[in-house]
Amino acid sequence: RGELMMQEWNGFYVPALNVAMDLNEDGIMDVAFYQGTRPNLGIAGLTYVDVSARVGTAVNSQLLKNGTSGELTWMNEIPRKWLERNYYYPIPLNDLQRNPNLKQNPGWQ
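Quick note: the sequence shown uses the working numbering, first residue 14, plus one each step.
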């Protein structure tokens, strides 16, 4: 009944800060994670993600589990809820209009 939704999310593994990573294995470096001052790794198109505990005056929701390496986690402070309706998708309105015998799935009325 939504047990996986209630578990802590494990993000993908980040081995180190300030290192370019190819996330989709297409041979192109996509992203580098850093804390504090943004490094310049000299790679065109690279996305830099600050995983400091605070970014400016705001608390950062993207953190590395071990501080400077580990699984990338985000939005752990937001409680996740599993609703009964999450077991079904809503039936598109167009389909409901075409077939009057169809009834909308529970929770999507």
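Idealized CB from N, CA, C, for every residue including glycine.
(message) Considering only DSSP beta bridges, list what Thr70 is partnered with.
(response) Per DSSP, none; premise fails for Thr70.
(request) Could you tell me whether the Cβ atoms of Val27 and Phe46 are closer together than 8 Å? (result) yes
(request) Please report the Cβ distance between Gly120 and Arg93, rounded to the nearest whole angstrom; I am assuming they are in contact, meaning their Cβ atoms lie under 8 Å. (result) That pair is no contact at about 17 Å.
(request) Let me know if Val64 comes out buried or exposed under the rule of 16 or more other beta-carbons within 10 Å of its beta-carbon. (result) buried
(message) Please list the terminal residues of the continuous alpha helix (DSSP H) segment that includes Gln117.
(response) No residue range can be given for Gln117, since it is assigned to no alpha helix (DSSP H) and is classified by DSSP as neither H nor E.
(request) Give the DSSP-derived three-state secondary structure of Gln110 in the structure shown. (result) helix
(request) Just mark Leu36 as buried or exposed, buried being the case when its beta carbon has 16 or more other beta carbons within 10 Å. (result) Leu36 is exposed by the Cβ-count criterion.
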